[in-house]
Amino acid sequence: MAQTENTLTEQVIAWSSMDRTPPLSEIEALRMASALTEEEETLKQGLYRIIAFYRIMRVHKQDPISKQLLAASERTHPIVQEIDQFAQVNSYYLTIMDTDLPQWSIRETDFDPAKLKKSQSLHDQLTEAMQMYPRRLSGTNKLAAAYNRSYEELEDLLVLLEQTIETIEKRKTGSPVSAMNATVQQITKSLTAVKDALPNVLTQASENRPLEVLDQLIGLQEVKDYIHDYYHYLRYQQERKQFGFQMVDEPGLHMVITGNPGTGKTTIARLLAKLYHQLGLLESDHLVEVNRSHLVGSYLGQSEENTTNYVQQALGGVLFIDEAYSLKREGQSGNDYGQAVIDTLVSSMTSNEYGGRFAVILAGYPEETRQFLFANPGLRSRIPDQNYLELPDFKTEELLQIAENTALANDFFFTEEALRLVEDTIEQSKVDDTFGNARTVRDIVLRIIFQKGADRTLTADSWIDHMKLSSSDVNNPRKAEDTSEPLEQLEQLIGLQTIKNEVKKLSSFVHIQQERKSKGAPAVPIQLHAVFTGNPGTGKTTIAKIYAGILKERGLLKRGHLVVASRSDLVAGYVGQTAAKTKAVIRDALGGVLFIDEAYSLFRGAQDFGKEAIDTLVDEMTKHNENLVVVLAGYQQEMKRFIDSNPGLASRFKKYFVFPDYDSEELVAIFKRAMENYAYTLEEEAEAYLNEQLSTETVSGNGRFVTNLLDEAIQFQSLRLLEEEQTNMDMLTKSDIENAWNMVRRSAL
């Protein structure tokens, strides 16, 4: 390991040419630089040169940070001089290309005011731009020669422009129009030579080739492969047309792009617009983005007008309709004008006036888009089957790469420890279909950056401290949790020894299977859904909460929270509402445990709406798999009949936990622990009375009974203290317990 580190250090120090790839990425160099000591000056200078190189690649110029980094190194170092010159020439090239020069020309037949305006504008732009750069670069290399030649030609052009301006202003004849046009053409060639002399890493980064931009996107490999194939197919068709071949069944350019939020649908659409333009299939690469609010009107005829207006705006380019399925949903009332948009759009796609002059790209979630197109065969028929793209969700490693790129684009980087916490945060967020993929990750990163900037105790000793995002900057969700471990909480419970053993056994099983899986061994399927049976107050809800915590700790649940529900939370009073209500509760429980108390109450007969809740529950359990754990709870006999009556439930709930009633000693212990949590004490006579009552009388409610008993005892103590004017507010007496006992027993009757 030490030898590898020494080799890497030597490579960093030895890197001396931009023609060779640096031995570290920008983020790796930043991490290493942030951990250096003052004694490692030579290594620090090498790292600074690498960081400056990447920074210039990103911003395409020397900014204050890159200048500072290079200034920290020896000015005579080859890479410093090379980077300095390359950065300066690259900035010069981009600045000149940003003027009117590349498209500038003037005609003899132009009127003098037009000639004067164009000449003055270009003269002012070039004068301002050239003042930023030296007249000559020292050295005999190819880049310096190209720069010097182009600069001299620009000076010649300025002279010609000044002559033209003077000629027109003084109403003379014979402005050097031909000479100026020839000089502009020559300068354009010279600027091309400047670009060719620059390192490829700089020129490639500053250009905007659609396929290259596509390949630089993170993930989406199947989509990339398809678009490459699609591009070559379209180019092949263009070549055939040049020979005179024609296709009667030409597929067209219309496209459907589906995917969950943040998977890159809009990005892919923009790249397709650029590809279409690059191939000459469309006049421009502009993309008009619209959704339902842009197209659907509020009165008769407005939708058609809106749609036609946006089609006209998109002529020569692409009309991108996001969430296209929202135009017309099943069940919408007759006064919804979304169908008018669809009809107008289909007509425009095929009309003599607009057909073939623009492309339509529909985007949205996969299932909703599929249903929308199925319900609109006219629109579906205009889009060939091969022009359907479904973008997958990003993998965790891809999302982490997006997080690092987002941070770097904003001049930040994560330490390795911070990045692990970011991964935890991402996993916490991936609980349902609303997870925004790249969009959510960017929001997470920007929130972390905000937290760093909002920290008033922050002190930064150097530039790199302003870039570094450490673990203290990441708001890790685990920080807000109970500090005690779930298994510790389990052990602290009174009684329930059989249940404790079952939970610990299941926890150990899950842990070992996860270990086996990580080592590539086949893992036994884990049955996480469970049935808790027992009387009220026996600790079922408490154990369910601990169970959720254990599954999260073992890595099987992302959030580890508990959602408690009953029949009233799941079953509605009208046809069709129960499924939606049940799905809403399940959505809240994703990533955790859904605890359904008195679950047998869901089914009260074949005509009861509860059956719909059960069917929905079974479907959603299958859909979400390990992202949802369901615990059904209730009385033992009722739960057995309920599970046996539904094969779907019986096949999914194979783990049973039977909760026994507490004995008298356990109930006293529960009472005393709850009392001590509020800093109360119990006099001896009161404790003896409590023991006797619980030993000789049968009570219902178990732990819930003694909790209610304590609440009443504290209230009776408060009344006694005020009446007797006593000062011991911590002691519960026999009379307090006796009065409370009678009150709770009467309430139970």
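The numbers in the sequence shown follow our numbering, run straight up by one, and end at 1364.
Glycine included, every Cβ here is placed at the ideal spot set by N, Cα and C.
Computed from a predicted model, the values in this text were never measured in an experiment.
Of the choices the options, whose alpha-carbon is the least far from that of residue i?
{"i": "L1325", "options": "I1114, R1267, N1354", "result": "N1354"}
{"i": "E595", "options": "S941, R985, S1133, L994", "result": "Since the first residue of the chain shown is 616 and the last is 1364, residue 595 is not available in this structure."}
{"i": "S918", "options": "V905, Q626, G953", "result": "G953"}
{"i": "R1054", "options": "V911, G1152, I1161, N875", "result": "N875"}
{"i": "A1241", "options": "F1272, I1352, L1209", "result": "It should be pointed out that residue 1241 corresponds to Glu in this sequence rather than to Ala. Closest by alpha carbon: L1209."}
{"i": "I1141", "options": "G1149, T1156, V1125, Y1277", "result": "V1125"}
{"i": "T1322", "options": "A974, Q861, P1151, K839", "result": "P1151"}
{"i": "H847", "options": "P1137, Y891, F858", "result": "Y891"}
{"i": "L769", "options": "E781, M712, T724", "result": "M712"}
{"i": "N1002", "options": "F701, A1159, Y914, E865", "result": "E865"}
{"i": "L960", "options": "G979, I936, Y980", "result": "I936"}
{"i": "D1234", "options": "A1248, D951, L1264, D1259", "result": "L1264"}
{"i": "L1205", "options": "F1224, Y1189, L1172, K1226", "result": "L1172"}
{"i": "P981", "options": "V871, G932, Q801", "result": "V871"}
{"i": "L915", "options": "V956, T1193, A1159", "result": "V956"}
{"i": "K1115", "options": "N756, T1157, S736, R690", "result": "T1157"}
{"i": "A1303", "options": "T1313, Y1295, M1290, V1283", "result": "V1283"}
{"i": "S688", "options": "F1268, S1077, I628", "result": "I628"}
For residue i, report the span of its beta strand (DSSP E) as first-last.
{"i": "A1180", "result": "1177–1180"}
{"i": "I872", "result": "870–874"}
May I have the straight-line CA-CA distance separating residue i from residue j, to the nearest angstrom?
{"i": "L1143", "j": "K1198", "result": "20 Å"}
{"i": "S1279", "j": "K1010", "result": "54 Å"}
{"i": "S996", "j": "G867", "result": "11 Å"}
{"i": "S1133", "j": "A1022", "result": "30 Å"}
{"i": "K682", "j": "D1058", "result": "31 Å"}
{"i": "V799", "j": "E898", "result": "26 Å"}
{"i": "D1276", "j": "T1231", "result": "33 Å"}
{"i": "D900", "j": "G912", "result": "28 Å"}
{"i": "Y762", "j": "D715", "result": "19 Å"}
{"i": "Q626", "j": "E656", "result": "15 Å"}
{"i": "Q703", "j": "L758", "result": "11 Å"}
{"i": "K1094", "j": "L1247", "result": "The predicted model places K1094 with a pLDDT of 44, which falls under 50 and marks its position as unreliable, so this point remains unresolved."}
{"i": "F1027", "j": "L902", "result": "31 Å"}
{"i": "S821", "j": "V1190", "result": "Unreliable placement is indicated for S821, whose pLDDT of 49 sits below 50; the coordinate value is still reported in the next sentence. About 59 Å."}
{"i": "P992", "j": "D1000", "result": "13 Å"}
{"i": "K1120", "j": "G1318", "result": "25 Å"}
{"i": "I842", "j": "G970", "result": "23 Å"}
Give the DSSP-derived three-state secondary structure of residue i in the structure shown.
{"i": "F1147", "result": "strand"}
{"i": "L1084", "result": "strand"}
{"i": "E1005", "result": "strand"}
{"i": "V863", "result": "coil"}
{"i": "V597", "result": "Residue 597 lies beyond the stretch modelled for the chain, which goes from 616 to 1364, so this question has no answer here."}
{"i": "L1347", "result": "strand"}
{"i": "F1257", "result": "helix"}
{"i": "F701", "result": "helix"}
{"i": "Q893", "result": "helix"}
{"i": "T724", "result": "coil"}
{"i": "H847", "result": "helix"}
{"i": "E1168", "result": "helix"}
{"i": "D715", "result": "coil"}
{"i": "D900", "result": "coil"}
{"i": "V1186", "result": "coil"}
{"i": "Y748", "result": "coil"}
{"i": "Y925", "result": "helix"}
{"i": "N991", "result": "coil"}
Spell out whether any CB of chain C is found under 8 Å from the CB atom of residue i.
{"i": "L826", "result": "The question asks about chain C, but that chain is absent: this structure has only one protein chain."}
In the DSSP assignment, what are the bridge partners of residue i?
{"i": "I1211", "result": "A1180, L1247"}
{"i": "V1273", "result": "T1148"}
{"i": "I936", "result": "V905, L977"}
{"i": "L1297", "result": "L1347"}
{"i": "F858", "result": "Answer by DSSP bridge pairing: none, since F858 is not bridged."}
{"i": "F1028", "result": "K1083"}
Within the continuous alpha helix (DSSP H) that includes residue i, where are the two ends?
{"i": "D1234", "result": "1225–1239"}
{"i": "V1037", "result": "1031–1044"}
{"i": "P825", "result": "825–831"}
{"i": "E641", "result": "641–649"}
{"i": "A1284", "result": "1279–1292"}
{"i": "F1320", "result": "1318–1339"}
{"i": "A955", "result": "953–965"}
{"i": "S793", "result": "792–812"}
{"i": "Y669", "result": "656–674"}
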